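Residue numbers (full-length UniProt numbering): 1 to 74.
Here's the structure we're looking at; comments come further down.
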């Protein structure tokens with residue numbers, strides 16, 4: 001539901017801007033890009049990469065991770 005996603009995203013952003021630390025698990029890569037300071041990429045329960053969203057999206061060489069972030073740029 002795009003409207004609900006936007007409302008939840010705005011609430012999370014407000015909490016973050018007020019200094020609240022938030023752990024958000026999502027498959028919505030666009031939401032993760034907008035809200036994150038850091039991203040952890042998990043595959044089958046194992047950490048495959050972590051860091052700033054733009055660093056992972058632009059510099060990651062793992063083909064699975066690169067493909068995942070490429071989809072987000074569309």
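We put the CB at the ideal spot given by N, CA and C, even for glycine.
Note that the structure is predicted; figures quoted are calculated from it, not measured.
query = Considering only C-alpha positions, which residue in the set 45, 18, 35 and 70 is nearest to residue 57?
reply = 70
task = For the segment 21-64, list the beta strand (DSSP E) runs that are entirely contained and at least 3 residues long, ordered along the chain.
result = Segments of the beta strand (DSSP E) lying fully in the segment 21-64: 39-43 and 46-51.
ask   = Residue range of the alpha helix (DSSP H) that residue 19 falls in?
value = Run containing residue 19: none; DSSP gives neither H nor E here.
ask   = Buried or exposed: which applies to residue 23, given that a residue is buried once 16 or more other Cβ atoms fall within 10 Å of its Cβ?
value = By the 16-neighbour rule on beta-carbons within 10 angstroms, residue 23 is exposed.
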